[in-house]
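Residue numbers for the sequence shown follow the numbering used here, beginning at 2 and rising by one.
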Amino acid sequence: MLEKFIQKYGAPAGVLSLIIAALLWGGEYVVAKDVLNLIEPNWSNAIRTFFTSVLALVIWRKQFARATRQDWRRGAVCGSLFGLAFALQIMGLKMINAGINAFISSAYVVLVPFMVWCIEKKRPPSKVFVSAFVGILGVSIMSVTGFSTGSLSIGTGELLSLLSAVGYGGAIVAADYYTKKTSVEFITGCQFLFTFVIAVIFAVIMEVPPRIVMTPSILLEFLYLIICGTFITQLLFTIGVKYASANQAGVIFPLESVSATILGCLFLHEQLKVVQVIGGILIVAAIVISSITRKKSSDL
2 MLEKFIQKYG
12 APAGVLSLII
22 AALLWGGEYV
32 VAKDVLNLIE
42 PNWSNAIRTF
52 FTSVLALVIW
62 RKQFARATRQ
72 DWRRGAVCGS
82 LFGLAFALQI
92 MGLKMINAGI
102 NAFISSAYVV
112 LVPFMVWCIE
122 KKRPPSKVFV
132 SAFVGILGVS
142 IMSVTGFSTG
152 SLSIGTGELL
162 SLLSAVGYGG
172 AIVAADYYTK
182 KTSVEFITGC
192 QFLFTFVIAV
202 IFAVIMEVPP
212 RIVMTPSILL
222 EFLYLIICGT
232 FITQLLFTIG
242 VKYASANQAG
252 VIFPLESVSA
262 TILGCLFLHE
272 QLKVVQVIGG
282 ILIVAAIVIS
292 SITRKKSSDL
């Protein structure tokens with residue numbers, strides 16, 4: 002029904018769905034950061050993706066029933082890449098500000114054209130290299146500490162967030178390739194399923210089982226993460242990019258990290274240094290530059 006509505010109004014509805022998804026994702030960083038004060042990262046991931054997996058299996062049961070062995074292989078690749086990226090990002094989020102985590106992990110938009118280049122052997126436009134330079138500079142400024150003293154270092158949280166960007170880039174490239182042969186719904190469902198499996202494995206190996214009292218506030222936070230921060234956003238994102246152009250999507254993507262930063266400052270009382278603000282601006286600029294070079298909607 003939602004896709005029929007967006008299809009009726011075309012590109013404007015697609016743009017609106019992407020804006021809503023970006024804003025919901027921005028809020029997800031803040032809520033997830035607050036939840037991490039009570040529960041370890043991978044257990045948190047396991048809980049939310051368990052319920053999103055159940056929703057996917059119920060809503061898209063026909064797609065799963067018709068899936069072939071080849072479909073499952075494709076879903077496993079996409080789901081594993083997405084699950085690893087999600088795990089790295091949430092572990093990084095526990096160590097650093099929500100805004101910094103959002104900005105660094107959003108660098109996947111800059112990485113995607115180069116990953117496509119490696120696979121398809123098709124050189125990206127020249128402006129993509131400019132975007133990469135600006136993006137690397139922005140990520141470096143935001144991630145690396147010690148500029149004033151000359152003793153440069155990168156924190157574990159920043160490194161995990163950067164690795165998650167690589168994982169998300171790989172997941173997007175894989176999904177773009179495999180959704181041409183397998184339904185978007187099935188691939189999305191596999192992303193939830195394999196993220197749940199990876200989260201459980203990491204949680205059992207690395208973390209202590211959670212012992213939390215489910216108060217109304219905690220329940221509301223998990224409901225937001227499950228329904229708004231994961232399921233609805235992924236659905237809006239998938240449908241939105243189908244009808245909006247790559248240029249429009251690229252300009253909208255930075256709203257995610259910007260809204261996460263603003264909400265983090267408002268609700269979590271996080272503070273950014275001037276140099277980190279500069280780094281964030283450069284990352285946003287890199288995303289916009291990279292997106293306006295792509296004439297066709299091919300990757301996101």
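Note that CB positions come from ideal geometry on N, CA and C, so glycine has one too.
Pair within 8 Å by beta-carbon distance, residue i and residue j
i      : j      : result
Ile290 : Lys128 : yes
Val55  : Glu222 : no
Ala88  : Ala200 : yes
Ile101 : Gln277 : yes
Gly139 : Ala287 : yes
Thr53  : Phe232 : yes
Cys229 : Leu25  : yes
Met143 : Ile284 : yes
Leu256 : Gly28  : no
Leu161 : Ala22  : no
Ile20  : Tyr109 : no
Met96  : Thr157 : yes
Gly93  : Cys191 : no
Phe193 : Ala99  : no
Val78  : Tyr179 : yes
Ile105 : Ser45  : no
Ala133 : Tyr30  : no
Ser18  : Gly281 : no
Neighbour-count burial assignment, residue i, 16 or more Cβ in a 10 Å radius
i      : result
Arg49  : buried
Lys34  : buried
Ile213 : exposed
Met207 : exposed
Val36  : buried
Pro114 : buried
Leu301 : Note that Leu301 has pLDDT 39, beneath the 50 cutoff, so the model's placement of it is unreliable and no number is given.
Thr150 : Here the model assigns Thr150 a pLDDT of 48, short of 50, so the residue's position is not dependable and the matter cannot be decided.
Thr183 : buried
Pro217 : exposed
Val135 : buried
Arg67  : exposed
Pro42  : buried
Gln71  : exposed
Arg75  : buried
Leu220 : exposed
For residue i, the three-state DSSP class (helix, strand or coil)
i      : result
Ile155 : strand
Thr69  : coil
Ser107 : coil
Val289 : helix
Met215 : coil
Lys9   : helix
Lys63  : helix
Pro255 : helix
Ala264 : In the sequence under discussion, the amino acid at residue 264 is Leu, which differs from the Ala named in the question. It is helical.
Thr180 : coil
Leu161 : helix
Leu138 : helix
Pro114 : helix
Leu301 : Caution applies to Leu301, whose pLDDT of 39 falls short of 50 and renders its modelled position unreliable; the value that the coordinates give is listed next. Looking at Leu301 - three-state DSSP - the assignment turns out to be coil, as it is neither helix nor strand.
Phe232 : helix
Leu39  : coil
For residue i, the first and last residue of its enclosing alpha helix (DSSP H)
i      : result
Tyr30  : Ala12 to Val36
Leu323 : Nothing about residue 323 can be reported from this structure: the residues present for the chain run from 2 to 301 only.
Tyr225 : Careful: Tyr225 lies outside any alpha helix (DSSP H) and carries neither H nor E.
Ile188 : Val185 to Met207
Arg304 : Since the displayed the chain opens at 2 and closes at 301, residue 304 lies outside it and no answer follows.
Asn98  : It is not in any alpha helix (DSSP H) - Asn98 carries neither H nor E in the DSSP assignment.
Ser45  : Pro42 to Ile60
is_contact[residue i, chain D] using C-beta, thresh 8 Å
i      : result
Leu221 : Within the model displayed, chain D is absent; a lone protein chain is all it includes.
Quiz prompt | Sufficient close CB pairs (3 or more, under 8 Å) joining the region 116-131 to the region 267-275 | solution = no
Exercise. Inspect the CB distances between the region 70-87 and the region 164-173 and report whether three or more fall short of 8 Å.
Key: yes
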